[in-house]
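Protein chains: 2
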Amino acid sequence: MTRDAMTPPADPGAEADPSARAAVRAYLGIRAAILSHDLPPRSHLREETLCEMTGTSRTPVREALRRLVAEGLATEENRHRYVADFSISEIMVMFDMRARIEGYAARVAAERITAPEIDRLAGLIAAMDAIDLADHDAATEQFLRLNGQFHDVLIEACHSTQIRIMMRPVVAAPVAMIKRFVMGQPLSIRASNDQHREILRAVAAGNPDWAEMAMRGHILSTRPRVCPLPAAPGPRP
Amino acid sequence: MTRDAMTPPADPGAEADPSARAAVRAYLGIRAAILSHDLPPRSHLREETLCEMTGTSRTPVREALRRLVAEGLATEENRHRYVADFSISEIMVMFDMRARIEGYAARVAAERITAPEIDRLAGLIAAMDAIDLADHDAATEQFLRLNGQFHDVLIEACHSTQIRIMMRPVVAAPVAMIKRFVMGQPLSIRASNDQHREILRAVAAGNPDWAEMAMRGHILSTRPRVCPLPAAPGPRP
DNA sequence: TGGGCGATATTTGTATACATCTCTTGTGCT
DNA sequence: AGCACAAGAGATGTATACAAATATCGCCCA
């Protein structure tokens, strides 16, 4: 699978490839710092500081910043940029929106997918089934990587530039950031992969309505319920 | 209503404000050239050429180009950028997507809109009702401006950064470009405004499901049916 | 003492020179 | 004649100097 130059790798471990364009390195570096809360929400993204941090000059840093703003990870205010802060309600919005957009993508894919693409999806499902659940952390990491690929392939199967573009912002603020809020969500790998199987059945059957609804359900099944924000555990008065 | 610096004005007549940032001038200039097919689809967006065209240097032009790519009006290919070509199927996708995204926005607005925002929407509807249909072209222009404001206010009424961000690409490729394909679509101002009234009723009633469906219907009612592309009129053999 | 005003410092915006990369074109060999 | 490789031109990527704008701080005055 070939990737756009500015698209971050699905594998969250691969970063700072020195052969990549400086603008890409800057983008990945700043993005990682935002997602890890190394740069906390609302903090000022000063260009010079980011230059030192990423080891480039202002031109690539500015390009990276514009992209982060376009993706919603940063906000613009009086010619200055700040790390966006995701309230729980904004995260809810992102889930609902993604359910609709990616649901529509599944609909289109059901009408346009090719046989090799179906095979690749089936392969990814098989790989996710084969994950050994013994080591929980390793299993989670593997699953997140394969899961990302599954969704990527499905988007590719739409063969639509516009759908790719619309998916960009909803994918940019990824699981890593959301986890801050969804703490303790079980993330059942087996159940999730059952949903993948269902989606693939619908898409392979060429049934757009079924595909759309299956995908919407899949996304919404991971939506956090309420707002368990900074609720320190302890006896209530 | 305050506007983001890089957001194009709703009024399509206001352009090339010399006091604006050079990057904004470049963005608006290139965008206008794309939408008017002055720069035809698939044509190469050479940076130096665009500098001469917009009267700025490469830095603002590059910023404008990145934004156009993010919005889907241009595509990137081997470090070069080209004007995107919208096939009829891509335009269909845009309509379906916008119906879902803006439908969801109407849902959220129904839960969060404030009284003054409701008043502004009502005022815009009244203004659209008051349009004199005698001069067809002037009426169309007025309607498109007010219509744009109506949709803008509704998005604002969501009070959500993420929704604003997601709406950006679907609004970027505007009516002007779509008209190339929807030629001869009647655009009934009265009927359209009746739909606006319906949407406002649903939103003001605080009924999210009703609001979402009313908006989806409104968007889809303008969706082109088939593909009447370069069908030269004439007797068929 | 509080507020308004202006100088200064900091930060971003723009222009441009230089580096790097890609594609083209031409030449020479097989 | 056709292919491969290399040299060149043209375009984009990066760094940096300078300009403009904004915020801060201190001072003066009421």
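Protein chains in written order, with my numbering: chain A, 17 to 253; chain B, 17 to 253. Glycine residues also receive a C-beta, built at the ideal position from the N, C-alpha and C atoms.
Taking C-alpha positions only, A/V219 is separated from A/R123 by approximately 8 Å. Here A/G222 is exposed: its Cβ has fewer than 16 other Cβ atoms, across all protein chains shown, within 10 Å. Cα atoms of A/R136 and A/S176: separation of roughly 18 Å, rounded to the nearest angstrom. In the displayed model, B/R97 falls within a strand according to three-state DSSP. In the DSSP assignment, A/L160 falls within the unbroken alpha helix (DSSP H) covering H152 to E172. The beta-carbon distance between B/R232 and B/A115, rounded to whole angstroms, is 5 Å. This is short enough to meet the 8 Å contact definition. Going by DSSP, A/G45 is part of the alpha helix (DSSP H) stretching over A38 to L51. A/R136: member of the alpha helix (DSSP H) spanning A131 to D145, first to last residue. Three or more pairs of CB atoms, one per stretch, sit closer than 8 Å, so the region 85 to 93 of chain A contacts the region 166 to 183 of chain B. Chain B places no beta carbon closer than 7 Å to that of A/I104, leaving this residue out of the contacts.
Residues of chain B whose Cβ lies closer than 8 Å to the Cβ of A/T177 are, in chain order, G88, T91, A100 and E106. B/D112 and B/A189 have their C-alpha atoms roughly 14 Å apart.
Only residues of its own chain outside the window of five on either side were considered, and among them A230 have a CB closer than 7 Å to the CB of B/E214, listed in chain order.
When secondary structure is reduced to three states using DSSP, A/H234 falls in the helix class. Counting along the chain, A/P185 sits inside the alpha helix (DSSP H) bounded by residues T177 to A188. If the five residues before and after A/E228 are omitted, its C-beta is found closer than 6 Å to the C-beta atoms of G119, A122 and R123, all from its own chain and listed in chain order. Under a criterion of Cβ atoms nearer than 7 Å, the residues of chain A adjacent to B/Y120 are, in order, D112, M113 and R116. Within chain B, no C-beta atom comes nearer than 9 Å to that of A/P240; the closest sits roughly 15 Å away. Within 7 Å of the CB of A/E79, the CB atoms of chain B belong to R82, in sequence order along the chain.
The continuous alpha helix (DSSP H) containing A/D210 extends over residues I205 to A220.
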